[in-house]
Structures are given as C-alpha cells and as structure tokens.
Amino acid sequence: MNIQALINDKVSQALEAAGAPAGSPAAVRQSAKAQFGDYQANGVMGVAKKLGTNPREFAQKVIDCLDLDGIAEKVEIAGPGFINIFLNKAWLAERGEEALNDERLGVNTEAAQNIVVDYSAPNVAKEMHVGHLRSTIIGDAVVRTLEFLGHNVIRANHLGDWGTQFGMLIANMQRKEQEGADVSMNISDLEGFYRESKVLYDEDAEFGETARNFVVRLQSGDEYCLEKWKQLVEITLKQNQRNYDRLNVSLTDDNVMGESMYNNMLPGVVADLKEKGLAVESDGATVVYLDEYKNKDGEPMGVIIQKRDGGYLYTTTDIACAKYRYEQLHADRVLYFIDSRQHQHLMMAWEIVRKAGYVPESVSLEHHAFGMMLGKDGRPFKTRAGGTVRLADLLDEAEERANKLIEEKNPELSAEEKANIAQTVAMAAVKYSDLSKHRTTDYIFDWDNMLAFEGNTAPYMQYAYTRVASIFKRANVELADLTQPIVITDEKEQALLSKLLQFEEAVQSVAREGQPHLMCTYLFELAGMFSSFYEACPILNADEATKQSRLKLAMLTAKTIKQGLDLLGIETLERM
Ligand code: ARG
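According to the numbering used here, the sequence shown is numbered sequentially starting from 372.
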C-alpha cells in the first residue's frame with residue numbers, strides 16, 4: 372500500500388475543507404528525520420500565501436478538518452506551517468502483517484499500460500562494450516519494476532543491424548569464402564573481423580567498390596547478401612546472449628527489434644513528410660528544418676532524412692520506429708535508455724514525429740539518458756592500450772576479483788560453493804555499482820569500491836540479506852510458526868516498520884522516473900535501519916511475544932530486500 376498517496380489524499384481533502392482552492396497540492400513527503408514524524412505535508416504555506424492568511428493559523432484549520440482517525444497518532448504544526456504526521460503504531464503493525472502475508476508484500480498493481488522499453492541496443496558485428504552495459508542494466512531494472520507493477524512491457528532491443536558497414540563485411544566474407552577459409556570461424560572474432568574489413572575498405576579501391584555494390588544489393592533484397600547479413604546478425608546475437616545470461620538480464624532473441632525492421636517504412640515516411648510540407652529537397656537530399664533548433668548561424672537546423680544517394684539515416688529510422696511503436700504496438704509510454712550524447716538526435720526525431728502527428732501528445736516518449744562510464748582517472752573507461760573494453764572481458768575480471776575475495780573471506784567453503792558465490796557477487800557488483808548511481812551523471816568505475824562489503828554496494832546488500840535470513844534460520848522458525856502479532860514498543864521498531872511500508876513508494880518512483888538508484892537508496896537505508904533495530908532490540912533472547920513480533924519484522928525485512936534486489940536484477944544468496 373502507498374501510505375504517502377493515502378495521506379496526500381486525506382490532506383488534500385482537508386485543505387479543500389479548510390477553504391483552499393480545489394486541486395491545491397498537499398505536497399505530502401516522507402519525513403527526512405524521525406522527529407518530523409513519518410510524513411510531512413508541505414502544501415499549506417503555498418496555499419496560505421495565495422489566500423493571504425497566516426500559514427500557521429491556516430495549518431491549524433487544515434488539521435481540524437483532517438481525518439486521520441486510527442491512522443495517525445499525532446499531527447503537529449512545525450516551523451512556518453509544515454504539518455508533521457506521526458503514524459499510529461497499531462495501524463502500522465496491521466499494515467506490516469498484511470505485507471508479510473502477501474506475496475507482493477502489499478504492493479498494489481497499477482492500471483496496466485502498454486510500455487515499450489528501448490534498451491541495450493548493441494550493434495551487429497561489434498562486441499558489446501561498456502556503453503551498452505549501462506543501457507542494458509538500467510533498462511532491465513526498470514523493465515522488471517514496470518512488470519512487477521502489472522504493466523504490459525514490450526522489451527525492444529533496437530539492434531544496430533542495418534547500414535552501409537554491411538557492404539564491407541559481406542565483401543570480406545565473400546573474400547574469405549573464395550580463399551576457402553571457414554567464414555563462421557573468422558567472424559566469431561567480431562571485433563577483429565570488423566577491423567580487418569575496415570582496413571581493406573579504406574586501403575583497397577577494388578574491395579571498396581565491391582563493398583559499395585553489396586550495400587545496394589543488400590538494400591534491394593538480394594538473396595546472397597541477406598544470407599550473409601543474417602549470419603552476422605545471428606553470431607552477434609549469440610555472443611550478446613552470453614553476456615545477458617551471465618548478467619541475469621531478461622532479454623532474449625525474441626526481443627530483438629532491430630533497425631532493419633523499419634526499413635520498409637522509410638520511403639513512405641519520407642514521402643509523407645514531404646506531402647505534409649515538413650520535409651523539403653535541399654541539394655538533392657531531403658531535409659526537415661526545425662525552427663526549435665538553431666545552427667551556428669542562428670538559422671533553423673536541418674535534419675537530413677534521406678541522403679542524395681537515396682540512403683536513409685539513423686534519424687529516419689527513429690522517426691519510423693516511434694510511429695511503429697504507437698501504431699502497431701499501441702504504446703501508452705515509450706522509454707528509451709540511451710547515452711546522453713544521443714539526446715539531441717532523439718529530440719529532433721521526436722519533434723518531427725509530433726509535427727507529423729505520428730504519435731499523439733498523450734503518449735509519452737521519454738529519453739532516460741545516462742552519462743559515461745569513466746576510469747579512476749576520470750577519463751572514459753578504456754583498456755590499458757586505450758581501446759574500448761569488451762563487456763565479456765570486464766565480466767571475466769569481475770569474477771576473478773570476486774573469486775579472490777571469497778577465497779580470503781570464506782576459505783572453508785567447498786570449491787563449488789565458492790565459485791557460485793563469487794559469480795553471483797561479481798555480477799551483482801558490476802550491476803549494482805551502476806544502478807546505485809544517479810543515472811544521468813558520468814560515473815567512475817572502481818573495482819575496489821564496487822566489491823567492498825561496506826557502503827551502498829552489492830556485497831553489502833547481499834550480505835545484509837543473508838544476515839537477516841540467518842536470524843530466523845538460527846531461531847529455526849517459519850512464518851507459519853509466528854502466531855503472535857507485531858507489536859511496536861520501541862522507536863527503532865517503528866522506524867524500521869515505517870520504512871518497510873514505504874517499499875511500494877520506492878517501486879513506484881523507479882517506474883515513474885526510470886531511476887533505479889531510488890531503489891538502491893531505499894534498500895541501503897532499510898538495511899541501515901535494520902542494523903540499528905537489531906542493535907537496540909534483542910530478538911532471540913526476548914520474551915516469546917516480543918521475539919515473535921521482532922522475528923516478523925526481520926522476516927519482512929528479508930523479503931523486502933530480496934524483492935527489491937530482484938527488481939534490480941540482482942540475486943541473493945542464502946549463505947556467503
Ligand atoms: N545502437 C545504438 C548505439 O549503439 C543505440 C540505439 C538506441 N535506440 C534507438 N532507438 N536509437 O549507439
């Protein structure tokens with residue numbers, strides 16, 4: 372249940388009853404400190420100002436109209452007119468019981484929407500690199516969260532599977548074939564094959580000619596070219612899938628909706644934009660001029676949608692793609708998890724989409740941008756030799772480091788168990804260190820930080836779970852054995868339970884803002900509150916009723932951490 376929303380409704384009603392204009396915002400927030408109660412209503416001051424009355428007096432009027440019977444045990448005016456709300460212990464305890472007995476931990480589903488999530492989107496014939504890591508991990512966490520809330524999520528892996536580069540790749544495949552070499556062996560090193568093809572293309576005029584010829588043939592649907600192209604796509608997908616599986620990312624081949632899918636829409640889109648007077652011929656190319664964007668000379672910026680040679684562009688595809696997602700997939704909302712450097716590209720494509728009326732304003736197109744992954748030196752993350760880091764190599768290194776760590780910490784475990792723990796911790800560390808940062812900023816990739824057992828890290832959170840879970844294992848109890856109700860007697864218990872019941876608020880904020888770090892922060896704070904509770908409130912040595920009540924709080928904590936981490940795509944361990 373969303374307590375914040377409930378209280379917000381109640382305060383809104385009270386505001387109106389006290390004479391505020393309809394729809395005045397109650398602005399109810401979680402309180403930052405226990406002394407301010409569990410929730411705080413901040414809307415009074417704004418309304419009082421509008422009405423020209425004294426805010427503290429008006430706050431009292433609102434409180435007189437506020438019906439929180441049985442929900443709050445104390446409501447206070449603070450400072451210039453904040454209203455602090457302290458929840459009733461018995462009411463909290465009941466909500467706690469409900470959450471504990473519900474598989475969804477009391478989290479409601481939302482009115483289901485069709486939500487398309489564009490994420491991962493690596494390129495064919497290239498290895499996934501660290502840039503795709505961010506999109507993949509962040510997108511997948513948001514996808515899981517939206518699904519948990521009951522939405523119909525369409526995962527769209529906008530694979531870069533089209534473009535002129537396929538000409539040189541096919542030309543090189545043909546060359547290998549003619550030399551009698553095993554083509555599939557050769558292209559399994561995608562990065563190397565790509566590089567070799569590029570060198571040939573740049574240095575060998577005849578090869579270049581053949582390559583350009585293949586581009587034309589591929590575009591006109593030539594059998595031979597399509598077959599070679601498919602081979603490249605398949606091998607790329609297979610390699611990507613290995614990364615997805617290792618990372619516990621929910622993407623499969625079924626989610627591939629690559630650029631090539633929109634090919635046959637492109638001529639129609641260009642013709643339509645011309646007909647609508649949005650696109651014009653310029654120097655043989657077709658261009659849309661946007662008044663909203665100015666070039667260096669202060670003139671409307673031109674977006675090329677078809678080149679002079681007839682070729683289409685990345686932007687043309689994204690225009691068609693948005694149209695498709697609305698018309699064919701019936702999207703209510705489309706979330707794009709793409710590097711912030713592509714922001715302007717998307718904004719211009721969508722400007723055109725809106726002007727052409729392809730997607731109505733009621734459907735939100737959202738760019739959830741993210742910054743770059745940087746090395747410890749604050750520069751773009753690179754290999755020692757200065758190349759891009761292959762995702763697979765990065766994951767290997769994470770596992771090696773986690774292996775060493777587990778070996779030091781738990782030398783007594785069996786080799787198999789150690790390997791399993793190391794693998795789970797390694798992937799979690801890579802993911803969590805990314806997810807826990809505010810998405811839009813660049814972030815520093817730092818092995819020591821991400822594998823630390825202290826601070827807002829994966830090992831800390833996974834360990835927090837294992838520790839809580841071990842308490843009821845030691846007590847040798849299951850939920851069904853706990854017949855005594857939750858009773859709140861200590862303020863640490865109250866703080867913990869109040870936090871536990873904010874889980875739904877955390878889930879919803881991730882869904883709304885596409886910011887998984889909100890969940891990380893929530894879980895980290897929850898784990899901290901559990902520690903304070905555990906220090907202050909003995910469990911196993913308490914009298915039976917208290918022990919059971921506290922075990923229930925511990926159990927709800929364990930379940931909440933597990934569910935929260937699961938929404939982030941992070942696995943927990945029963946032992947570590
Ligand atoms: N393939 C692109 C890249 O690697 C990302 C595609 C993002 N999605 C989109 N609809 N443009 O940069």
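Think of the CB as a built atom: it goes at the ideal place given N, C-alpha and C, for glycine as much as any other residue.
Every value quoted in this text rests on a predicted model; they were computed, and no experiment measured them.
### Query
alpha helix (DSSP H) containing residue 320: first to last residue?
The structure shown has nothing for residue 320, since the chain only spans 372 to 947.
#### Entry: The beta strand (DSSP E) enclosing residue 864, as first and last residue numbers
Note, residue 864: premise wrong, no beta strand (DSSP E); alpha helix (DSSP H) at 862 to 871.
### Task
State buried or exposed for residue 701, treating a residue as buried only when at least 16 other CB atoms are found within 10 Å of its CB.
exposed
### Message
Below 7 Å, is the gap between the Cβ of residue 551 and the nearest heavy atom of the ligand SAM?
### Response
For the ligand SAM, the structure offers nothing, since it holds only the ligand ARG.
### Query
Is there at least one non-hydrogen atom of the ligand ARG closer than 7 Å to the beta-carbon of residue 494?
yes
### Query
Per DSSP, what kind of secondary structure is residue 657 in: helix, strand or coil?
strand
### Message
Are the CB atoms of residue 688 and residue 770 within a distance shorter than 8 Å?
### Response
no
### Task
Would you tell me roughly how many angstroms separate the C-alpha atoms of residue 428 and residue 434, rounded to the nearest one?
10 Å
### Inter-residue CB distance, residue 412 and residue 456 (contact presumed, cutoff 8 Å)
7 Å
#### Entry: Ordered list of beta strand (DSSP E) runs contained in the region 645 to 728, each at least 3 residues
650 to 653, 656 to 665, 671 to 677 and 704 to 710
### Query
Straight-line CA distance for residue 811 to residue 506?
12 Å
### the region 476 to 488 in contact with the region 887 to 901 per 3-pair CB rule at 8 Å
no
#### Entry: CB contact flag (residue 685, residue 636, <8 Å)
no
### Task
Compute the Euclidean distance between the alpha carbons of residue 556 and residue 582, then round it to the nearest angstrom.
21 Å
### Query
Using the rule of at least 16 other Cβ atoms within 10 Å of the residue's Cβ for burial, across every protein chain shown, is residue 611 buried or exposed?
buried
### Query
With DSSP run on the structure shown, which of helix, strand or coil describes residue 618?
coil
### Task
Take every Cβ of the region 460 to 469, pair it with every Cβ of the region 855 to 864, and state whether three or more of those distances are shorter than 8 Å.
yes
### Whether residue 496 touches residue 540 by CB criterion (8 Å)
yes
### Task
Kindly confirm or deny that the region 638 to 650 and the region 527 to 539 touch, where touching means at least three C-beta pairs closer than 8 Å.
no
### Query
Is the number of C-beta pairs between the region 857 to 876 and the region 820 to 840 that are closer than 8 Å three or more?
no
### Task
Could you name the residues of the same chain whose beta carbon sits closer than 6 Å to that of residue 673, not counting the 5 residues immediately before and after it, in chain order?
658 and 660
### Query
Taking DSSP as the reference, what is the three-state secondary structure of residue 803?
helix
### Message
Less than 7 Å separating the Cβ of residue 777 from some heavy atom of the ligand ARG?
### Response
no
### CB-CB length for residue 617 against residue 499, believed under 8 Å
Going by Cβ atoms, the distance from residue 617 to residue 499 rounds to 11 Å, so no, they are not a contact pair.
#### Entry: Status (buried if at least 16 other CB within 10 Å, exposed otherwise) for residue 607
buried
### Message
Using 8 Å as the cut-off, can you tell me whether the region 572 to 580 makes contact with the region 516 to 526, which would need three or more C-beta pairs spanning the two stretches below that distance?
### Response
no
### Query
Around the Cβ of residue 735, are there at least 16 other Cβ atoms within 10 angstroms (buried) or fewer (exposed)?
exposed
### Query
Looking at C-alpha atoms only, which residue of 767, 510 and 537 is the closest neighbour of residue 705?
510
### Message
Considering only their Cβ atoms, is the gap separating residue 843 from residue 947 smaller than 8 Å?
### Response
no
### Task
Note down the Cα distance separating residue 950 from residue 682, rounded to an integer number of angstroms.
Residue 950 is absent from the model: the chain starts at 372 and stops at 947.
### Message
Taking the alpha carbon of residue 940 as the reference point, which residue from 897, 922, 921 and 805 has its own alpha carbon closest?
### Response
805
### Task
Determine the DSSP secondary structure at residue 582, reduced to helix, strand or coil.
helix
### residue 741 - partner residues in DSSP beta bridges
710
#### Entry: DSSP three-state assignment for residue 522, whether helix, strand or coil
coil
### Distance between residue 604 and residue 594 (C-alpha atoms, nearest Å)
15 Å
### Task
Please classify residue 785: is it buried, with 16 or more other beta-carbons within 10 angstroms of its beta-carbon, or exposed?
exposed
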